[in-house]
Amino acid sequence: MRLDIPSQTMTKKLEPLLNDEPGTFSHHPTVVSGLTQLQRFKRANIACPDFTTNLNEANQWVQAGPLVFGRNSNHEKGLDIVAPNSPEWAKKDFWTKVIPVEREYRIHIFDGQLIHQSLKELNPNAKPSRIDGLPIRNTSTGYSYNHNFNPPPAAVELAKRAVAELGYLWGAVDILEDKTGVPYVLEVNSAPGMGDPTASAYANAIKHYTQKTRAGTR
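Following our numbering, the numbering of the sequence shown begins with 15 at its first residue and continues without gaps.
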C-alpha cells in the first residue's frame with residue numbers, strides 16, 4: 015500500500031508494514047494549532063489547562079503563585095516552552111497554568127477507537143538534551159514510553175472527544191492526571207513520532223479502515 019499523508023516520518027515507518035496491502039491510503043487532515051486546540055476544547059467542555067492570550071493576565075497569574083508557561087501557537091516537542099524568567103516570555107502567543115501532575119501519558123485514537131497507549135516514565139539511564147529544569151515530560155528531558163499501560167476509561171473517552179472535536183481521523187493525545195486522578199488534554203498530535211509498537215498499531219488500524227471502506231461499511 016502506498017501512503018498519501020502529510021507526515022514523512024509516519025510514511026517511512028508505516029509503508030514497510032503495509033507492503034502486502036493493495037491500493038493507496040490517502041488522508042490530509044486540516045492541522046489545528048496548539049492554541050486553537052485549547053480554545054476549541056474549552057468551548058466543548060473538554061478538560062484542558064487554563065490558558066490566556068493576554069500577557070497582563072499571564073503576569074497576574076505568575077504573581078498569584080501558580081507556575082505558568084509561555085508557548086507558541088504552533089509548537090513541537092515542547093521546544094517553545096519557557097518560564098516567566100525567560101527573555102522570550104513576553105513574545106509568546108499564549109500562556110498556560112501548569113497543572114500539578116501525578117502522571118502523564120499518550121493515548122492514540124484512530125477512527126474513534128483506542129489503538130495504542132504509553133505511559134511517560136523517567137528513564138534514569140537517559141541523557142537529557144534539555145536541562146533547564148522545567149517540568150516537561152518528553153524524550154528531551156529524559157522520559158521514555160512504557161507501552162504496557164492501561165489508561166483509565168475516563169481518559170480514553172476524553173481523548174476520543176478531543177480527536178473528534180478537531181475533526182481528525184487519528185490523533186496522539188497527550189493527557190496528564192492531576193493528583194486527584196482527573197485527566198486533562200494537553201494537545202493532540204496528528205503526526206506523532208512512533209517506535210515499533212506504535213507503528214504496528216497504526217498500520218493495523220489503517221488496514222482495518224481501508225478494508226471497511228472497500229466493503230462499503232463506513
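Just so you know, even glycine gets a beta-carbon here, dropped at the ideal spot from N, CA and C.
Is it the case that the Cβ atoms of residue i and residue j are separated by a distance below 8 Å?
i      : j      : result
Thr110 : Phe83  : yes
Phe55  : Val196 : no
Ser154 : Pro165 : no
Tyr119 : Phe163 : yes
Ile220 : Leu28  : yes
Would you identify the three-state DSSP class for residue i, choosing helix, strand or coil?
i      : result
Gly2   : Residue 2 lies beyond the stretch modelled for the chain, which goes from 15 to 232, so this question has no answer here.
Arg175 : helix
Glu118 : strand
Pro30  : helix
Phe261 : Nothing about residue 261 can be reported from this structure: the residues present for the chain run from 15 to 232 only.
Asp210 : helix
Lys111 : strand
Ser40  : strand
Find the nearest neighbour of residue i within the set the options, judged by alpha-carbon distance.
i      : options                   : result
Tyr159 : Glu135, Gly181 and Ile145 : Glu135
Leu180 : Glu71, Leu49 and Met24    : Leu49
Asp146 : Ala61, Asn137 and Gly156  : Gly156
Per DSSP, what are the beta-bridge partners of residue i in this structure?
i      : result
Thr67  : Its beta-bridge partners do not exist; DSSP assigns none.
Lys134 : Tyr159
Arg16  : Thr38
Answer yes if the stretch 187-196 comes into contact with the stretch 112-132, meaning at least three C-beta pairs across the two stretches below 8 Å, and no otherwise. yes
With contact counted as at least three CB pairs below 8 Å, one residue from each stretch, are the stretch 124-135 and the stretch 95-102 in contact? no
Pair every Cβ in the stretch 222-232 with every Cβ in the stretch 70-80, then say whether three or more of these pairs are closer than 8 Å. no
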